[in-house]
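Counting in numbering that gives the first Met the number 0, the sequence shown runs from 0 upward without gaps.
For each residue, glycine too, the CB sits at the ideal point set by N, CA and C.
Input: a single structure, listed below in structure tokens.
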Amino acid sequence: MPCRFPQKHDSTVLLSLFKGLANMHVLLLKEPRDGESGPDPYIKELATHGHKATLIPVLSFKFVSLNTLSDKLFQPEKHGGLVFTSPRAVEAVQMCLEAEERREEWNSSVKEKWNSKSIYVVGKATAALVGSLGLKALGEDTGTADVLSRLIIEREDTNIPPLFFPCGSIKREVLPTALKGNGVPLETLTVYQTAEHPDLEKNLKNYFTEQGAPASVAFFSPSGVKFCLEAVRRLSGDRLTQIEFAAIGPTTRDAMTAEGLRVSCTAEKPTAEHLAAAIAKALQQPPAGRSA
Numbered sequence: 000m001p002c003r004f005p006q007k008h009d010s011t012v013l014l015s016l017f018k019g020l021a022n023m024h025v026l027l028l029k030e031p032r033d034g035e036s037g038p039d040p041y042i043k044e045l046a047t048h049g050h051k052a053t054l055i056p057v058l059s060f061k062f063v064s065l066n067t068l069s070d071k072l073f074q075p076e077k078h079g080g081l082v083f084t085s086p087r088a089v090e091a092v093q094m095c096l097e098a099e100e101r102r103e104e105w106n107s108s109v110k111e112k113w114n115s116k117s118i119y120v121v122g123k124a125t126a127a128l129v130g131s132l133g134l135k136a137l138g139e140d141t142g143t144a145d146v147l148s149r150l151i152i153e154r155e156d157t158n159i160p161p162l163f164f165p166c167g168s169i170k171r172e173v174l175p176t177a178l179k180g181n182g183v184p185l186e187t188l189t190v191y192q193t194a195e196h197p198d199l200e201k202n203l204k205n206y207f208t209e210q211g212a213p214a215s216v217a218f219f220s221p222s223g224v225k226f227c228l229e230a231v232r233r234l235s236g237d238r239l240t241q242i243e244f245a246a247i248g249p250t251t252r253d254a255m256t257a258e259g260l261r262v263s264c265t266a267e268k269p270t271a272e273h274l275a276a277a278i279a280k281a282l283q284q285p286p287a288g289r290s291a
């Protein structure tokens, strides 16, 4: 006689099994989105796939050279355009416009002078912040500095005034090297310094103590890999090989691979929707496929 579950409990047992498979914990190693109400978009998107995400900030930022930045922002005639590859660089610009008289001058004349030139960005988050300044962004779908540099090289002549590139202290040299190699002039200015978040180790330890090892861990920058990976490995212990590691893009994926980490998935584009879809797909794979 075949063995079976009691009929009365079949639906309850199956429902609990499916809930256990769907509601997996995902650890997001990233900064929260500034200036947005409601949940972080990555947490929200993962929730639509049935997964509970927790965000732990990895980096802290210190803004520098704001007086120099302000001077350059109000002399658009000296530059051929603007380049932004991170939200923090745009935030530095916003800080320069906090004074009422500066904002009035920006709105009355300066921003239109910049809009007569090309304003390049990487990613939708940076593009949205640029838009809040009244500027029209190009390249929000490029996704990486490498792809953006190719767009700039295609569009710009070598005889323009230098493009102005406010950036962070640990920027990669992909874009400056590519533009220089193709004769497109570029002027860089470091406007923020990046360091490890002071509470990172404590927050990671608390998370693993309370939640255990997550089903997936997502990295959002090479800096995040540098500052977090050792702690994640140590705290995961023998559960490390069962974690699906995700990358926001190819640059971060390469940094993870260089550290000997098996990357389960990479977002097709650096957006909450694409990363959530990639993680959800990776988590649908059988456990046997989760070895590092």
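Tell me whether the beta-carbon of residue i lies closer than 7 Å to the beta-carbon of residue j.
i: F164; j: T189; result: no
i: H24; j: P213; result: yes
i: L58; j: T193; result: yes
i: L45; j: A266; result: no
i: A126; j: E139; result: yes
What three-state label does DSSP hand residue i in the structure shown?
i: Q192; result: strand
i: K243; result: For the sequence presented, residue 243 should be read as Glu rather than Lys. E243 falls in the strand class under three-state DSSP.
i: T143; result: coil
i: E155; result: coil
i: F60; result: strand
i: K135; result: coil
i: K96; result: The amino acid occupying residue 96 in the given sequence is Leu; Lys does not appear at that position. Of the three classes helix, strand and coil, the one that applies to L96 here is coil, per DSSP.
i: L260; result: coil
i: I55; result: strand
i: A217; result: strand
i: I118; result: strand
i: T187; result: strand
Counting only C-beta atoms, is residue i closer than 7 Å to chain D at any point?
i: L134; result: Protein chain content of the structure displayed is limited to a single chain, and chain D is not contained in it.
Closest by CA to residue i, which one among the options?
i: K123; options: A136, K116, K112 and N114; result: A136
i: G119; options: F207, G79 and E100; result: Checking the displayed sequence, the identity of residue 119 turns out to be Tyr instead of Gly. Nearest option by C-alpha distance: G79.
i: P86; options: L58, L128 and E76; result: L128
i: A91; options: R238, L132 and R154; result: L132
i: D70; options: K43, E99, D140 and V109; result: V109
Could you check how far apart the C-beta atoms of residue i and residue j are, in whole angstroms? I think they sit under 8 Å.
i: P56; j: H273; result: Not confirmed; about 22 Å, so no contact.
Meets three-Cβ-pair contact criterion under 8 Å: the segment 165-183 and the segment 139-153 | yes
Inset, instruction - Kindly confirm or deny that the segment 42-54 and the segment 90-104 touch, where touching means at least three C-beta pairs closer than 8 Å. - result: no
### Meets three-Cβ-pair contact criterion under 8 Å: the segment 222-241 and the segment 100-111
As far as the Cβ criterion goes, the segment 222-241 does not touch the segment 100-111, which means the pair count is below three.
Practice task
Check whether the segment 244-253 touches the segment 57-64, counting contact only when three or more Cβ pairs, one atom from each stretch, lie closer than 8 Å.
Solution key: no
**Prompt:** Counting Cβ pairs, one atom from each stretch, are 3 or more of them under 8 Å apart for the segment 250-263 and the segment 222-229?
**Reply:** yes
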